[in-house]
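Down below is the structure, laid out as structure tokens.
See below:
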């Protein structure tokens, strides 16, 4: 027997999805932030108990563990990374701290810069200079490097970043310096900028390199301890680590490129979303995940999550490819308040889990989104988290009355409805960020809804954006753990190769690409991926000459190796036109290449999913009662049926307004929406009358249909 | 107010902001001139059918007040003759424009056959005709030597493109890139129109009008509450402009009288000196923008930017003064009078709201190099580089917080980004030698000023043209409450033969040879409070990091190291 387990370590809970053949079970245990591997082993112990086997029997039966970790993310958010030194070109050591001179809040004179991850006195200047082509102007001064090492020893530096001007075009100086550092500062974690990110733009590179060194030692020691613990219990299978780009990698790769895990947490969501939407014939989707404090939205298009090459974490720039996930401060704990002008606002402040919403009775006095959901009848006070937490409706009403209803001169229910509406609107804006603002029409995508609180709000988010259909997976509360088992091995490479397309040395570019493919093949081979499961995807970053922003678009390996100039130009014009509404094809403006990118993908084995036989459309067998709840379309309360989500069957059709309750999730159907249960137990929700615009028919939910228009 | 849903009001405020943000992103990503796509010297906004501001995305705060007044002028100018499908251009500084190079596009939005709103965008164009490419002409004495004047003119009427009008305009502008960037502005207005119409279809006209009024009201109350916390009284402030580009030794005073009466605030510039006979002159809009942005930094930064925000603010700038020059004066430098204007306001208000005013910010001293890149084969392949990294000094400290290092002048407040070093060496033939914080540049204080920077690069093209404009080379950023002043701005050229040249603060230098070393210092911001009260640990940290010298620590901060 061989099990696959997805493990998502979050701030509060560690989620598990155990795939056993075609059946899947879910587990949740409390996280142990001081050493997350303890909570992880606790969870495995609980899983073993539930299967009536010993921990070591369980461990021996696992063939794959895929693991998402927030170790590096937390190190950056809490400033607890390694003491790091930077070795850089003389004259530019402050680029890291200057961040190109930005102040994000322009009218706020109390807004301060983020503290640099390497203080100025540990940013050591080194003489030696390359020109813009990588030719040496001045030899590397190794004595300066020795001087830096002396300082680092004295100061107890554990980790070093090496980043020189124009090294993207010639890594020689960086390699020489690193060699010296490694020999004179043994045991130090060293990152060479061109090993991590050999692409042009100094600030992007130095910031990313420093982040890598800053989090590297912490991730390494965590992985060491995790591997040891797993060995101790007898695990002999494959351990894979989730990366920010939505792929997975071996722990050995993660050790050297620790910064690839900076957004490991939510990165599995889009892949999970794709699996669910594919069951309905859609190769694209929007995923939304509403937790306690934040709301993550991402886009999957043509079978692949959207990747961006520029991002930031806690205002630190990171230029490695990562999923384009937008996070906004909207969650169950978001606090409702009245601003100076008398307008109702929700968040971004959150009551968190402690004291939490007023209804938790743990001392929270201010009204949150969860309090509004409770007053509006969407939550059952006796069945929250399956009845583990008893909710106090009167506490919610009191908090809403004092902080929002009275100031607005509204009855409590109306104020609660207002809070509900505002937060839904905020989340809809978050979805706009990943769609409209990037040139995509949200109406063309089904939405996959995750997170405990998400499905209560999904109808209204969908309605605001006119999205005709959304899906709530049965595993929506442990969405990312599920997504991890569906992710492939994935490695991204980039090289800068600057020049006008019509004057480019295409042979040289072809050689660069061949090198990148070889490197990818080598990495995948080390991860035991045979050639027939390896794939390579090439893309180019180009721009019109004198533009400042590049457009990235996919091309074939052949197009590059055979210098198919016309073909490449056409693809660029088309993508520019799609994103910005025009191209300069007619004007004949020259196109400039900046970077070539390669993604090496090793396909992993995915767990199968059992399909349920269809039953009738009548959901009566799942009906568990009736509740008075707020119906937004009526702007008032009405009685609505409540169904038990664990008893619904494939083909059941539920007409809104209604509630579907599971242990960790409640789905609210407003009056404009109906739901059909699909063969995997997911809830497919349609705008009334628009079902034929979606892809599913009640009888055969896996049939492929037209795309939603 | 009747029929106002307090919830919808919140939704609406958010929706308008998202529309103007989206317009702004569209413009940033599609324009080609670096001053637009890198420096983001543009503004996008929505206005109602009467020209009242609904929301704006400003990017650079100096543009905070520049679109609304023109919208009102356009309504007056065309009267009933504004139609669906019109696209209107405008830059004229004598009909409420702020700067000649800032060319605006207005697109009227009709709903159910009635004019309901405007979407608008305005950006700094790479050229606008006149005697000198790029528009900076220190020799100008009249507007025509600076620019082509564009009073309100329709380039589309009722959806029909007016090729003749378009060609007349662009026949007078040097670079083709300006046509493309103006198309990008129109595109951004279309984005705004589309979103606004979707909004109107969803909620209806009447609902929009009712809620709009309520929104202005709510914002006005917020602003009034902020003003209400400033003690009533009349406060005077003054600052000096040291050079007008023509008359060496001639100084001008900006004098402001700030009158606070309960919920209203008035800025009266009647005592400011008369206008110059050069191009160092403000326009009403550029000066009023400077006033508004300075005030906005003293109040809650979350106040929405709509008509209600400016309603309690009165600004009096008599025509003929340095800040509102009379027709047909040259005014291209007007935006850059903002730092001096902000200084005068700060000096007036610092004694009464010491917790909300900063010490002086470093002023702009900017340079622009153009030439032929010898690495490129084509003779006509010219580069233009605005040295953003060199011009950004420190902001002033305030009670409780140090100044912001390397932020740049107050009219941009950190919205203007450095060039990337490696891109700089790709796109210009210059080689960067040094760009770091400069030691002892920050004004000393219990809270020190923001650090200035030192920039050195080697010029890589012969016959390079260098344009310099700005100030801060005579008077440093001032300290407050016992704090010291920041360091001065300077630019020095060292020619290959060893000789040096220090350009004037407004200057144009031709034929700079390759191998010349450009050396710029952008000064630090002013300090706040007695430096001897600065905690020893913070002084030690700055010394350890090499941004305060041991000598200064000992002599100014009184800390042995």
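Chains as they are written, first to last, in my numbering: chain H, 7 to 715; chain B, 154 to 714.
We put the beta carbon where it would ideally sit given N, CA and C, even for glycine.
Beta strand (DSSP E) segment containing residue 408 of chain H, residue limits
First-last for residue 408 of chain H: undefined, no H or E at that position.
Between the region 332-341 of chain B and the region 263-277 of chain B, can you find at least three pairs of beta-carbon atoms closer than 8 Å?
With a cut-off of 8 Å, the region 332-341 of chain B and the region 263-277 of chain B count as touching, because enough Cβ pairs lie within range.
Between which residues of its own chain and residue 506 of chain H is the CB-CB distance below 6 Å, once the five residues before and five after are set aside?
The answer, listed in chain order, is 596 and 598.
Name the chain B residues that come within less than 8 Å of residue 107 of chain H, Cβ to Cβ?
Within chain B, the C-beta atoms nearer than 8 Å to that of residue 107 of chain H come from 541, 542, 545, 559, 560, 561, 567, 569, 570 and 571, in chain order.
Indicate whether at least one CB of chain H lies closer than 8 Å to the CB of residue 260 of chain B.
So, not an interface residue.
To the nearest angstrom, report how far apart residue 269 of chain B and residue 530 of chain H are at their CA atoms.
Taking the Cα positions, residue 269 of chain B is about 60 Å away from residue 530 of chain H.
Rounded to a whole number of angstroms, what is the C-alpha to C-alpha distance between residue 108 of chain H and residue 336 of chain H?
If you take the alpha carbons of residue 108 of chain H and residue 336 of chain H, they lie about 26 Å apart.
Below 7 Å between beta carbons is the criterion; list the residues of the region 668-695 of chain B that meet it against any residue of chain H, in chain order.
Result list empty, no residue passes.
Note down, in chain order, each residue of its chain lying with its Cβ closer than 6 Å to the Cβ of residue 451 of chain H, except the 5 sequence neighbours on either side.
Excluding sequence neighbours, residue 451 of chain H sits near 290, 291 and 292.
Quick one: is residue 154 of chain B near chain H, going by C-beta distance under 8 Å?
Its pLDDT being 45, under 50, residue 154 of chain B is placed unreliably by the model, and nothing is read from it.
Residue interval of the alpha helix (DSSP H) (run including residue 689 of chain B)
Where residue 689 of chain B is concerned, the enclosing alpha helix (DSSP H) stretches over 689-697.
Mind pulling the chain H residues with CB within less than 8 Å of residue 349 of chain B?
Taking the beta carbon of residue 349 of chain B as reference, no residue of chain H falls within 8 Å; the closest one sits roughly 14 Å away.
Under 8 Å from the C-beta of residue 372 of chain B: neighbouring residues of chain H:
Residues of chain H passing the Cβ test: 347.
Using CA coordinates, which residue listed in H:619, H:549, H:643 and H:492 is at the minimum distance from residue 280 of chain H?
Nearest option by C-alpha distance: H:492.
Considering only residues of the same chain and omitting the five flanking positions on each side of residue 139 of chain H, which have a CB-CB separation below 7 Å?
Spatial neighbours of residue 139 of chain H in its own chain (CB-CB distance under 7 Å, excluding positions within 5 residues in sequence) are listed in chain order as 175.
Min CB distance residue 446 of chain H to chain B below 8 Å:
So no, residue 446 of chain H is outside the interface.
From residue 40 of chain H to residue 233 of chain H, what distance separates their C-alpha atoms?
Using only the alpha carbons, I get a separation of about 17 Å.
Residues of chain A with CB closer than 9 Å to the CB of residue 551 of chain B, please, in chain order.
Of the chains in the structure shown, none is chain A; the protein chains are H and B.
I want to see whether chain B comes within less than 8 Å of residue 693 of chain H, judged by CB atoms only; does it?
For residue 693 of chain H, the answer is no, since every Cβ of chain B falls outside 8 Å of its Cβ.
Are residue 350 of chain H and residue 362 of chain H closer than 8 Å when you measure CB to CB?
For residue 350 of chain H and residue 362 of chain H, no; Cβs fall outside 8 Å.
Using only alpha-carbon positions, find the residue among B:376, B:380 and B:428 that is nearest to residue 397 of chain B.
Measuring C-alpha to C-alpha distances from residue 397 of chain B to each of B:376, B:380 and B:428 identifies B:428 as the nearest.
Take residue 525 of chain H as the anchor and find which of H:539, H:546, H:545 and H:500 has the nearest alpha-carbon.
Cα-wise, what sits closest to residue 525 of chain H is H:500.
Delimiting residues of the alpha helix (DSSP H) encompassing residue 343 of chain H
Not the alpha helix (DSSP H): residue 343 of chain H falls in the beta strand (DSSP E), residues 340-344.
Could you check if residue 473 of chain B is buried or exposed, using at least 16 other CB atoms within 10 Å of its CB as the buried criterion?
Around the beta carbon of residue 473 of chain B, fewer than 16 other beta carbons sit within 10 angstroms, so the residue counts as exposed.
Does residue 61 of chain H come out as helix, strand or coil in the three-state DSSP assignment?
Note: residue 61 of chain H maps to helix in three-state DSSP.
What residues of chain B sit near residue 490 of chain H, judged by a beta carbon separation below 7 Å?
Those within 7 Å of residue 490 of chain H in chain B number zero; the least Cβ separation is about 33 Å.
According to DSSP, is residue 289 of chain B helix, strand or coil?
Look at residue 289 of chain B here: in three-state DSSP terms it is coil, with no helix or strand label.
When the cut-off is 8 Å and only beta carbons count, does residue 718 of chain B lie next to chain H?
With chain B running from 154 to 714 in the structure shown, residue 718 of chain B is simply not present.
Go through its chain and collect everything with a Cβ distance to residue 493 of chain B's Cβ below 6 Å, but skip five positions before and after it.
Residues 392, 394 and 407 of the same chain have their beta carbon placed closer than 6 Å to that of residue 493 of chain B, with the five preceding and five following residues left out of the count.
Establish whether the CB of residue 190 of chain B and some CB of chain H are separated by less than 8 Å.
Yes, because at least one Cβ of chain H sits closer than 8 Å to the Cβ of residue 190 of chain B.
Verify the CB distance criterion: does residue 715 of chain H have a CB-CB separation below 8 Å to chain B?
At residue 715 of chain H the pLDDT is 27, less than 50, meaning the model places this residue with poor confidence; the figure from the coordinates comes in the next sentence. Among the CB atoms of chain B, none fall inside 8 Å of the CB of residue 715 of chain H.
So which residues of chain H does residue 171 of chain B contact, with C-beta pairs closer than 8 Å?
Correct list: 435 and 438.
List the DSSP bridge partners of residue 278 of chain B.
DSSP output for residue 278 of chain B lists no bridge partner at all.
Please report the straight-line C-alpha distance between residue 159 of chain B and residue 67 of chain H, rounded to a whole angstrom.
One alpha carbon belongs to residue 159 of chain B, the other to residue 67 of chain H, and they sit about 59 Å apart.
Less than 8 Å between the CB atoms is what I'm expecting for residue 196 of chain H and residue 168 of chain H, so what's the real figure, rounded?
Contact between residue 196 of chain H and residue 168 of chain H holds, with the beta-carbon distance rounding to 7 Å and staying under 8 Å.
Pull out every residue of the region 184-214 of chain B whose Cβ sits closer than 7 Å to any Cβ of chain H, in chain order.
Against chain H - using a Cβ distance shorter than 7 Å - the residues of the region 184-214 of chain B are 185, 187, 190, 191 and 214.
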